[in-house]
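Trainee: Numbers 120 to 684, taken from our numbering, label the letters of the sequence shown in order.
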Amino acid sequence: MANETLYNGITLPQTWPPRNVIEGSREPIPVPYLSHPPQVIPIDLGRQLFVDDFLIAETSLTRAYGKPEIHPQSPVLSPETEEEMDSGFCPMAAPFNDGAWYDPQDNLFKLWYMPGWFHSTALATSADGIHWDRPQLDVKPGTNLVWPNNDGSDRDGCLVWLDSDTPDPAQRYKMFQFYRHYKPKPGQPPIPPGSWPTQMARGEMVSEGWAQVSPDGIHWSDPVITTQVGDNTSFFYNPFRRKWCISIRRAAHIDETTRLRARFYRESDDFLQGAQWDMDSDEVFWQRIDHHDQPDPARPNHRVALYDVNVTPYESLMLGMFAIFRGPENDICAEEGVPKTMDLELAYSRDGFHFSRPDRTPFLASSRKIGDWNRAYLHACGGLCMVVHDRIFIYFTGFSGLSPKLGTNDIGDSGLSRRVMYAGASTGLATLRRDGFASMEAGAGGGTLTTRPVTFNGGRLFVNANAPQGELRVSVLDSNGETVEGLGADACAALSLDSTCAEVKWSSDADLAALAGQPCRLQFHLQSGQLFSFWVTDDPDGASYGHMAAGGPGFTNGRDLPSSQ
120 MANETLYNGI TLPQTWPPRN VIEGSREPIP VPYLSHPPQV IPIDLGRQLF VDDFLIAETS
180 LTRAYGKPEI HPQSPVLSPE TEEEMDSGFC PMAAPFNDGA WYDPQDNLFK LWYMPGWFHS
240 TALATSADGI HWDRPQLDVK PGTNLVWPNN DGSDRDGCLV WLDSDTPDPA QRYKMFQFYR
300 HYKPKPGQPP IPPGSWPTQM ARGEMVSEGW AQVSPDGIHW SDPVITTQVG DNTSFFYNPF
360 RRKWCISIRR AAHIDETTRL RARFYRESDD FLQGAQWDMD SDEVFWQRID HHDQPDPARP
420 NHRVALYDVN VTPYESLMLG MFAIFRGPEN DICAEEGVPK TMDLELAYSR DGFHFSRPDR
480 TPFLASSRKI GDWNRAYLHA CGGLCMVVHD RIFIYFTGFS GLSPKLGTND IGDSGLSRRV
540 MYAGASTGLA TLRRDGFASM EAGAGGGTLT TRPVTFNGGR LFVNANAPQG ELRVSVLDSN
600 GETVEGLGAD ACAALSLDST CAEVKWSSDA DLAALAGQPC RLQFHLQSGQ LFSFWVTDDP
660 DGASYGHMAA GGPGFTNGRD LPSSQ
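1) Given this structure, state the Cα-to-Cα distance separating residue 353 from residue 501, to the nearest angstrom.
2) Can you give, in chain order, each stretch of the beta strand (DSSP E) that sits fully within the region 337 to 369 and has at least 3 residues?
3) Does the Cβ of residue 400 have 16 or more other Cβ atoms within 10 Å, making it buried, or fewer, making it exposed?
4) What is the residue span of the alpha helix (DSSP H) that residue 399 lies within?
5) Considering only residues of the same chain and omitting the five flanking positions on each side of residue 560, which have a CB-CB separation below 8 angstroms?
6) For the 8 angstroms Cβ check, are there 3 or more pairs between the region 344 to 361 and the region 403 to 410?
7) Please list the segments of the beta strand (DSSP E) lying wholly inside the region 466 to 504, counting only runs of 3 or more residues, in order along the chain.
8) Would you report the Cα separation of residue 523 and residue 211, rounded to the nearest angstrom?
9) Going by C-alpha distance, which of 669, 358 and 186 is nearest residue 231?
10) Over what stretch of residues does the alpha helix (DSSP H) that includes residue 451 continue unbroken?
11) Does the pairing of the region 576 to 591 with the region 533 to 549 give three or more beta-carbon distances under 8 angstroms?
12) Considering just the uninterrupted stretch of the beta strand (DSSP E) at residue 615, what are its terminal residues?
13) Report the residue from 497, 153, 299 and 262 whose alpha carbon sits nearest the alpha carbon of residue 323.
14) Is it the case that the Cβ atoms of residue 674 and residue 506 are separated by a distance below 8 angstroms?
15) Run through the region 174 to 218 for me and flag every whole alpha helix (DSSP H) of 4 or more residues, listed as ranges in chain order.
16) Quick check on this structure: which residue in 194, 291, 425 and 289 has the alpha carbon closest to the alpha carbon of residue 463?
17) For the putative contact between residue 497 and residue 478, defined by C-beta atoms under 8 angstroms, what is the C-beta separation to the nearest angstrom?
18) CB-CB under 8 angstroms to residue 527, same chain, minus the five flanking residues each way: which ones, in chain order?
19) Counting only the same chain and skipping the five closest in sequence on each side, list residues whose C-beta sits under 7 angstroms from that of residue 570.
20) Can you give me the Cβ contacts of residue 259 inside the same chain, cut-off strictly under 6 angstroms, excluding the 5 residues immediately before and after it?
21) Does the Cβ-Cβ distance between residue 296 and residue 251 come in under 8 angstroms?
22) Report buried or exposed for residue 188, applying the criterion of at least 16 other Cβ atoms within 10 angstroms of its Cβ.
23) Taking the alpha-carbon positions, what's the residue 236 to residue 123 distance?
24) Give me the Cα-Cα distance between residue 185 and residue 283, rounded to the nearest whole angstrom.
25) Roughly how many angstroms lie between the CA atoms of residue 379 and residue 472, to the nearest whole one?
26) Hey, how far is the Cα of residue 191 from the Cα of residue 605?
27) Is it buried or exposed, residue 304, if we count other Cβ atoms within 10 angstroms and call 16 or more buried?
28) Output the boundary residues of the beta strand (DSSP E) element that contains residue 591.
29) Is the distance from the Cβ of residue 558 to the Cβ of residue 169 below 8 angstroms?
30) The alpha helix (DSSP H) with residue 152 in it runs from where to where?
31) Buried or exposed: residue 488, going by 16 or more other Cβ atoms within 10 Å of its Cβ?
32) Using beta-carbon positions only, say whether residue 281 and residue 222 come within less than 8 angstroms of one another.
33) Run through the region 398 to 435 for me and flag every whole beta strand (DSSP E) of 3 or more residues, listed as ranges in chain order.
34) Are the CB atoms of residue 700 and residue 194 nearer to each other than 8 angstroms?
35) In angstroms, rounded to a whole number, what distance separates the CA positions of residue 431 and residue 594?
36) Looking at C-alpha atoms only, which residue of 508, 415 and 622 is the closest neighbour of residue 611?
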């Protein structure tokens, strides 16, 4: 097989996905394209972010990683309905991965979530992403359920994806669900529905992954049973390579004696046809914790684990959200009546497989405070984030560990795992400046950043910058490092503003488009400000052609395209 060269100049090895990630190690997983970047980086697709050093040849600026703000109306969805209240045992109205997407066909924000612990799958909608409604649907009349549980079954993790690339309208939405149910043991009579003690006594638990498709996110196909996977398995779509990728939860060796939660990877061209695979030949070890992942100070002896990995395309890269499990384990949670402590951290990939994790502080942290709606057990949401004008909307789940009916050590009498540790789940909203995951910053003394050699075809340079009390100028350097005539910092109109989309202009007659296809470097001169991203485009309004994660108002099929398209 010929080596595949990606949109950003990275060439994948012939063996792909790679099999050189070391399982039994606590060393950080290497990221090949950071140690050996392409000689020339094409930048025609999407905004170019400074989350790592991929684009940077040299700089005197400093990098800072952004943190979101919890929206003051959080939680934006809390348990209210009969299904969500779970008979008072473990109320929940929040994603267990599930998904939050902006649907441009309906001009609505849509949230798929778990209504009541281990219950079914429901849908909420919103016009603004803050105030949510529960539409009355025909799947189970009088409710907003899109996939009700059958008696004797329990829904665990789930993930929903809005597929903007599919040519088949019947498969516009994809869903993976993990289900547990009981079948009678040999020699036992059929198990009556609704009787969990009888089911557990007479039955054997069966766990299955289900792949399903839908035209509207409401009416779903019959499940295609996947290869056996662990709970909280999920998936994502890599539009840069047009691959469906499964984030498979399994235990893996972290050292010679310790097996912990980790992630394996499988990719395919088709979502449903790829639901079955050979574990030995098609699946590879992918992600794990390393020695930078530290336990919670309150649980210094707990073994940290990688609980979950969710991924989405954002502009010119793949954005990952890693759930870091800091304890305690299930038996201790049940004994103490507390939810698991889990924080969400960000990771970034430019080849869709290797992820750098440069900031090991939580992007979203459990509050760890008794009574808080987001006390612990945070979960990311499928799609991860939306771009809403100049902000990024990030939906996530938090558990309070509070139950109307259960005491610390009580067990609910319906369904599995009805314990306080799984009670009180709500949906929160956090927001961040667009492209605000990382910025390159300078004080009053100023500084510069020079890119590696890049190529482009557009003729307009845009930036996302915050420098109202300072300024930003740009020079264009040729392949010899010399300033291109007319495109130097002295001819550049200083930008003293705070804007997520500002065009850089020069006073000369020099034309940036004349450099199309020629390797050059961009040199940013910044004083008293922040630089978040840059991009070159042919659109006068600054469309980047990049991918918008779970979409947002004004975007076409999840892309930042010119308004004419």
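Note that CB positions come from ideal geometry on N, CA and C, so glycine has one too.
Mentor: Quick look at the numbers:
1) 9 angstroms
2) 353 to 357
3) The residue in question, residue 400, is exposed, as its Cβ has fewer than 16 Cβ neighbours within 10 Å.
4) 398 to 401
5) Cβ neighbours of residue 560 beyond the five flanking positions: 180, 181, 182, 183, 645, 648, 649 and 650.
6) no
7) 495 to 499
8) 12 angstroms
9) Nearest option by C-alpha distance: 669.
10) 449 to 455
11) no
12) First-last for residue 615: undefined, no H or E at that position.
13) Nearest of 497, 153, 299 and 262 to residue 323, Cα basis: 299.
14) yes
15) The region 174 to 218 contains these whole alpha helix (DSSP H) runs: 201 to 204.
16) 425
17) That pair is no contact at about 17 angstroms.
18) 455, 456 and 539, listed in sequence order.
19) 174, 175, 176, 640 and 641.
20) 267
21) no
22) exposed
23) 44 angstroms
24) 29 angstroms
25) Taking the CA atoms as reference points, residue 379 sits about 21 angstroms from residue 472.
26) 48 angstroms
27) exposed
28) 590 to 596
29) yes
30) 151 to 154
31) exposed
32) In this structure, residue 281 places its C-beta atom within 8 angstroms of the C-beta atom of residue 222.
33) 403 to 406 and 424 to 434
34) With the chain running from 120 to 684 in the structure shown, residue 700 is simply not present.
35) 33 angstroms
36) 622
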